[in-house]
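Every position in the sequence shown, counted from 1, becomes a number in the working numbering once 151 is added. Read through the structure below, which is laid out as structure tokens, and then see the notes.
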Amino acid sequence: MESLQLNIEALIFASEQSISVNEIYQVLLATGTSSVTEEEISLHIQAIKEKYEGNFAIGLVELAGGYQFLSKKEYYQLVNQLQIQRSKKKLSQAALETLAIIAYRQPITKLEVEQIRGVNCDYTIQKLLEKELITISGKAETIGKPILYSTSPLFMDYFGINSSAELPQLKDFANDANEIGEQQE
């Protein structure tokens with residue numbers, strides 16, 4: 152009987168979304184784990200719910216007609232900060248390309264970045280500013296005084312370098328096999 156409860160607990164834990172009693176029943180039936188009714192599953196779920204009411208950071212919550220393990224409300228700030236940190240770590244291909252252009256050509260205007268990439272970079276630059284990987288380093292002394300962008304100290308930390316001089320140079324990526332024609336001396 153306890154192994155049935157542990158199986159139910161494992162299914163709820165492994166489910167990315169809330170899992171219904173019927174889904175649990177179907178899985179248990181399909182695996183031949185046990186001949187059990189939906190009412191018995193509901194009783195086991197109630198026992199699991201009571202088990203996690205104690206001194207645990209997570210609890211069993213009923214959501215959208217199913218059940219899911221979630222962190223308790225008192226840990227919201229902590230978990231929220233983790234999500235913020237993780238969201239800072241994900242960069243799209245467009246963001247990486249824009250960031251590379253800014254890193255190698257800094258200080259640079261948005262227009263210059265767009266001319267190199269060939270696409271509008273408003274959204275990407277905004278996201279890089281939000282993630283604090285680039286900063287506004289001033290205004291160019293040209294017509295309209297466009298904003299200049301440079302990499303931030305967080306960029307250096309993120310990529311594990313001390314200065315932009317430590318960025319890989321183009322010659323580090325050059326491959327003689329990709330050249331066409333004869334090289335002149």
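Quick reminder that beta carbons are idealized off the backbone N, C-alpha and C, glycines included. Please read all numbers here as calculations on a predicted model, not as lab measurements.
Are the CB atoms of Asn-173 and Glu-190 within a distance shorter than 8 Å?
no
Quick test of the definition: if touching needs 3 or more C-beta pairs under 8 Å, does the stretch 214 to 230 touch the stretch 262 to 278?
Output reads no: the stretch 262 to 278 does not touch the stretch 214 to 230.
Helix, strand or coil at Leu-284 according to DSSP, with G and I counted as helix
coil
Cβ neighbour criterion (16 or more within 10 Å) applied to Asn-271:
exposed
For Tyr-309, name the three-state secondary structure that DSSP assigns.
helix
Given a cut-off of 8 Å, decide if Thr-286 and Ser-303 are closer than it, judged by their beta-carbon atoms.
At the C-beta level, Ser-303 and Thr-286 come within 8 Å of one another.
Ends of the alpha helix (DSSP H) at Ser-193?
189 to 202
In this structure, what does DSSP give as the bridge partners for Ile-170?
Tyr-218
Report, in whole angstroms, the separation of the C-beta atoms of Gly-379 and Leu-299, which I expect to be a contact under 8 Å.
Examination of residue 379 is not possible in this model, given that the chain is present from 152 through 336 alone.
Going by DSSP, name the residue or residues bridged to Glu-213.
Tyr-218
Please say whether His-195 and Leu-155 have beta carbons closer to each other than 8 Å?
yes
Could you pull out every residue in the same chain whose Cβ sits closer than 8 Å to the Cβ of Ser-193, ignoring the five residues on either side in sequence?
Only Val-172 meet the Cβ criterion.
For the candidate residues Pro-297, Thr-249 and Gly-269, whose alpha-carbon lies nearest to that of Pro-277?
Looking at the sequence itself, residue 277 is Gln, so the reference to Pro does not match. Of the residues Pro-297, Thr-249 and Gly-269, the one whose Cα lies closest to the Cα of Gln-277 is Thr-249.
What are the partner residues of Val-298, as DSSP defines its beta bridges?
For clarity, residue 298 is Ile in the given sequence; the question names Val instead. Answer is Lys-290.
With a threshold of 8 Å on Cβ separation, who are the neighbours of Pro-297 within its own chain once the five nearest residues in sequence on each side are excluded?
These residues qualify, in order along the chain: Thr-260, Lys-261, Leu-262, Lys-290 and Ala-291.
Spatially closest choice to Asn-206 from Ala-215, Val-230, Gln-244 and Tyr-226, by CA coordinates
Tyr-226
Which partner residues does Ile-259 have in the DSSP bridge list?
Tyr-300
Spatial neighbours of Ile-267 in its chain, beta-carbon cut-off 7 Å, leaving aside the 5 residues before and after:
Same-chain partners within the cutoff: Ile-252.
DSSP on Gln-320, reduced to helix/strand/coil?
coil
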